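Heads up: the sequence shown is residues 0 to 271, going by numbering that gives the first Met the number 0. Structure record follows, encoded as structure tokens.
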Amino acid sequence: MTALSGADFEFVRRMVREDSAISLDDGKDYLVQARLAPVAAREGLASVSDLVGRLRTGRPGLRDDVVEAMTTNETSFFRDVAPFDALRDHILPTLAATERRPLALWSAAAATGQEAYSLAMLVRERLPTAVDPTILATDLSRDVLERARAGRYNQLEVNRGLPARMLVKYFERDGTAWQLKEAIRRLVTFRQLNLARPWPLLPAMDVVLLRNVLIYFDVPAKRTVLAQVARVLRPGGYLFLGSAETTFGLDTRYERLEVAGAVCYRLAERGA
């Protein structure tokens with residue numbers, strides 16, 4: 000395998016930062032090599048260096064494929080548990096009791112859909128008589144969104160975090176895979192969205208899950224994204240970040256809360 004030159008790594012690092020806000024640290028050339036080798040193979044190229052050479056020619060579409068390949072799509076059903084316990088037992092019932100409209104929830108880095116579908120199942124379980132919520136799920140990658148829309152998961156994927164009771168209730172066996180039932184799938188709308196680019200018009204949200212995303216961004220990009228979330232989140236709405244992420248030192252409009260063992264951030268009420 001031909002090693003990636005320093006110049007090629009810098010080219011990819013700059014391009015990924017410009018297009019996705021993902022910041023690749025020094026020494027991550029091995030990661031670029033591993034993530035882009037399959038893209039090079041699909042293009043019929045002998046090496047990642049050859050792929051970078053083609054990128055430099057500005058071939059349409061290839062740049063997007065490369066940036067998508069550099070994104071991390073790790074996810075699972077009810078990942079980390081505590082945020083979902085807080086939503087189920089405290090936040091969703093409180094919002095449902097105080098708001099006279101359907102709730103709006105956003106999984107902002109949806110990957111293959113497990114987080115968004117976890118929200119849908121949670122609403123069905125905790126608020127069975129409520130009007131169907133708006134559940135938006137977005138991601139940079141077109142490929143993972145196609146998988147998410149299908150709602151089809153293998154045995155390993157359903158074994159990761161999904162309670163057996165919910166598997167039986169909300170999924171049907173389809174060969175060696177599990178198919179999510181239509182009643183849950185139709186609650187979620189999937190859209191491609193690049194958090195590093197200007198956002199399209201989005202509905203006002205009560206809850207935003209933006210977990211394990213900011214860790215890949217530099218400080219200016221973190222501030223920009225949190226500011227855009229503040230424009231989408233309703234005053235008093237809740238933001239969930241990853242356990243290694245915070246709004247502290249980045250945006251003073253968010254108040255840190257601990258709810259049922261989970262940390263979240265509440266957007267200040269207007270005028271507060």
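Quick reminder that beta carbons are idealized off the backbone N, C-alpha and C, glycines included. Remember, predicted model here, so these are calculated numbers, not experimental data.
If you draw a straight line from the Cα of proline 92 to the Cα of leucine 126, it is about 7 angstroms long.
The criterion of a C-beta distance shorter than 8 angstroms is not satisfied by alanine 108 and leucine 186. Two segments are said to touch when three or more pairs of C-beta atoms, one from each, lie closer than 8 angstroms; by this definition the region 75-83 touches the region 111-118. Per the DSSP secondary-structure output, alanine 261 pairs in a beta bridge with Val258. Fully contained in the region 93-178 are the following alpha helix (DSSP H) runs of length 4 or more, in chain order: 113-125, 141-149, 154-158, 163-169. Contact between the region 56-75 and the region 229-240 is absent: fewer than three C-beta pairs spanning the two stretches fall below 8 angstroms. Taking one beta carbon from each stretch, the region 211-224 and the region 147-156 have fewer than 3 pairs nearer than 8 angstroms; the two do not touch. For leucine 238, the enclosing beta strand (DSSP E) starts and ends at 232-240. Counting C-beta atoms within 10 angstroms of its own C-beta, glycine 112 has 16 or more neighbours from the protein chains shown and is therefore classed as buried.
By the criterion of a C-beta distance shorter than 7 angstroms, serine 140 is surrounded in its chain by Glu67, Thr70, Asn72, once the five residues flanking it on both sides are discounted. In the structure shown, methionine 69 adopts coil according to DSSP, grouped into three states. With respect to the C-alpha of glycine 236, the residue from Tyr264, Leu179, Val258 having the closest C-alpha is Tyr264. The region 166-180 and the region 197-209 do not touch, with fewer than three beta-carbon pairs separated by less than 8 angstroms. Cα atoms of tyrosine 253 and leucine 266: separation of roughly 5 angstroms, rounded to the nearest angstrom.
With a threshold of 16 other beta carbon atoms within 10 Å, arginine 184 meets it and is buried. Counting of Cβ neighbours within 10 angstroms places arginine 12 among the buried residues, the total reaching 16 or more.
Within a 10 Å sphere around the beta-carbon of aspartate 88 sit fewer than 16 other beta-carbons, which makes this residue exposed.
If you check the CB distance, proline 101 and phenylalanine 239 do not come in under 8 angstroms. For threonine 246, the closest of Gln227, Ala259, Gly260 by C-alpha to C-alpha distance is Gln227.
Residue pairing of tyrosine 253 in beta bridges, as defined by DSSP: Leu266.
Annotation for phenylalanine 189: the continuous beta strand (DSSP E) segment containing it runs 187-191. Exposure of alanine 96 is indicated by the presence of fewer than 16 other C-beta atoms within 10 angstroms of its C-beta.
Under the criterion of beta carbons closer than 8 angstroms, alanine 85 and valine 212 do not qualify as touching, at roughly 19 angstroms.
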